[in-house]
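Asker: So the protein sequences, as listed, match chains B and G. Following the working numbering, the residues of the first sequence are numbered contiguously, the last one being 170. Following the working numbering, the residues of the second sequence are numbered contiguously, the last one being 170. C-beta: ideal position from N, C-alpha, C; glycine also. Nothing here was measured: the structure is a model prediction, and the numbers come from that model.
2 protein chains.
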Amino acid sequence: MAIRQATSSDHDAIWTILEPMIRAGETYTQPRDMSKKEALEYWFAPEKETFVWEENGAVQGTYFLKPNQQGGGAHVANCGYVTSAAAQGRGIARAMCLHSLERAKQRGFRAMQFNFVVSTNERALNLWLGLGFEVVGRLPGAFHHPEQGFVDALVMYRTLV
Amino acid sequence: MAIRQATSSDHDAIWTILEPMIRAGETYTQPRDMSKKEALEYWFAPEKETFVWEENGAVQGTYFLKPNQQGGGAHVANCGYVTSAAAQGRGIARAMCLHSLERAKQRGFRAMQFNFVVSTNERALNLWLGLGFEVVGRLPGAFHHPEQGFVDALVMYRTLV
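1) Give me, in chain order, the residues of the same chain whose beta-carbon lies closer than 8 Å to that of residue 142 of chain G; leave out the 5 immediate sequence neighbours on both sides.
2) Could you compute how far the alpha carbon of residue 80 of chain G sits from the alpha carbon of residue 38 of chain G?
3) Specify the secondary structure class of residue 114 of chain B as computed by DSSP and reduced to three states.
4) Report yes or no: do the region 12-24 of chain G and the region 49-63 of chain G share at least 3 C-beta pairs separated by less than 8 Å?
5) So with Cβ pairs under 7 Å, would you call residue 152 of chain B a contact of chain G?
6) Determine the chain B residues that contact residue 27 of chain G at a beta-carbon separation under 9 Å, and present them in chain order.
7) What would DSSP say about residue 153 of chain B, mapped onto helix, strand or coil?
8) Report buried or exposed for residue 110 of chain G, applying the criterion of at least 16 other Cβ atoms within 10 angstroms of its Cβ.
9) Nearest-angstrom Cα distance between residue 92 of chain G and residue 156 of chain B?
10) Within 10 angstroms of the Cβ of residue 74 of chain G, are there 16 or more other Cβ atoms? Answer buried if so, exposed if not.
11) Based on the DSSP output, what are the partners of residue 73 of chain G in its beta bridges?
12) Within 7 Å of any Cβ in chain B, is that where the Cβ of residue 80 of chain G sits?
13) Counting only beta-carbon separations shorter than 7 Å, does residue 69 of chain B have a partner in chain G?
14) Residue 139 of chain G lies in the alpha helix (DSSP H); which residues open and close that run?
15) Below 7 Å between beta carbons: does that hold for residue 144 of chain G and residue 169 of chain G?
16) Check whether the Cβ of residue 116 of chain B lies closer than 7 Å to any Cβ atom in chain G.
17) Whole angstroms is fine: what's the gap from residue 21 of chain B's alpha carbon to residue 119 of chain G's?
18) Cβ atoms of residue 77 of chain G and residue 85 of chain G: under 7 Å apart, would you say?
19) Any beta carbon of chain G sitting closer than 7 Å to that of residue 160 of chain B?
20) Can you have a look at residue 36 of chain G and say buried or exposed, based on whether 16 or more other CB atoms are within 10 angstroms of its CB?
21) Identify the continuous alpha helix (DSSP H) that holds residue 13 of chain G and give its terminal residues.
22) How far does the alpha helix (DSSP H) with residue 32 of chain B in it reach, from first residue to last?
23) Considering only the beta carbon of each residue, do residue 159 of chain B and residue 127 of chain B sit closer than 7 Å?
24) So what does residue 158 of chain B bridge to, in DSSP terms?
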């Protein structure tokens, strides 16, 4: 098992991971009809450092790390993590988050912020709480869940210094 | 006095308003060395509707309105407002915010969110509170103020329905 920087040769594997998450529309705010090209442009945007979690040559997870803001807010990092449907429950998101916290510290970020954790995504919420993130904001009805209608989204934050 | 949609013929006037705000680096998270071209690309980004506040042919304020997120978060609007240094204290930001709330309702947005109100920007904070926004989140030390060092930023939210 290794976490390494993603390259263009990972595009197909990453799309295989991202597509079901985007189509489900339950956890991220990407449009559910987003194309492969749009999704990869988003995931590999110039300001992002993109990683994959790989095992025996198979990519089972991916995450990006970027500054959450520019200028006076550029010392706070932001990340997004997705695990393949087949590899859920094996601690891959946790491993990627721990990796991202180390990488963010290395790069000199002083904190990490998640802008939009859908409140019904309890697995993610509990994982981030267990890794030292706090809920610092609640956005009432800010997410339209395809099954549950308007639900809150949470802002989570963790200091790194 | 009128608030109207901005056009490319407003670029110079808008830059005159944006430049001191960007160079000061006290309220927005744009890089302080941002160029005119970069600033105008940001202010007129494709997802933004951009307005100006004009009086006797002189543009004294400008704001943008956009969806704060895509997909399941696209029903929440986001705005940014800047008043010219010469016209501070005349209620122009207030007039632009009221205009934006109406415009957001017209477009079917259900709420408006400000992601990053610098806590030392008391004039803005009090203005938004007076217009029905609530502080729904506090980001500890998320802004590096050029004079005051690391200060909190606030997440503010107002329902429109």
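Answerer: According to the structure shown:
1) 121, 123, 165, 166 and 167
2) 25 Å
3) Judged by DSSP in its simplified three-state form, residue 114 of chain B adopts helix.
4) The region 12-24 of chain G makes contact with the region 49-63 of chain G, as at least three CB pairs between them are under 8 Å.
5) yes
6) Correct list: empty, because the minimum Cβ distance to chain B is about 13 Å.
7) strand
8) buried
9) 42 Å
10) That one is buried.
11) Looking at the DSSP assignment, residue 73 of chain G forms a beta bridge with G:59 and G:89.
12) At a cut-off of 7 Å, the C-beta of residue 80 of chain G has a neighbouring C-beta in chain B.
13) Closer than 7 Å: no.
14) 131-139
15) No, the pair does not count as a contact, with Cβ atoms beyond the cut-off.
16) no
17) 37 Å
18) Taking 7 Å as the Cβ cut-off, residue 85 of chain G and residue 77 of chain G qualify as a contacting pair.
19) no
20) Buried, since its Cβ has 16 or more Cβ neighbours within 10 Å.
21) For residue 13 of chain G, there is no enclosing alpha helix (DSSP H); the enclosing beta strand (DSSP E) covers residues 11-14.
22) 20-33
23) No, they are not a contact pair.
24) B:154
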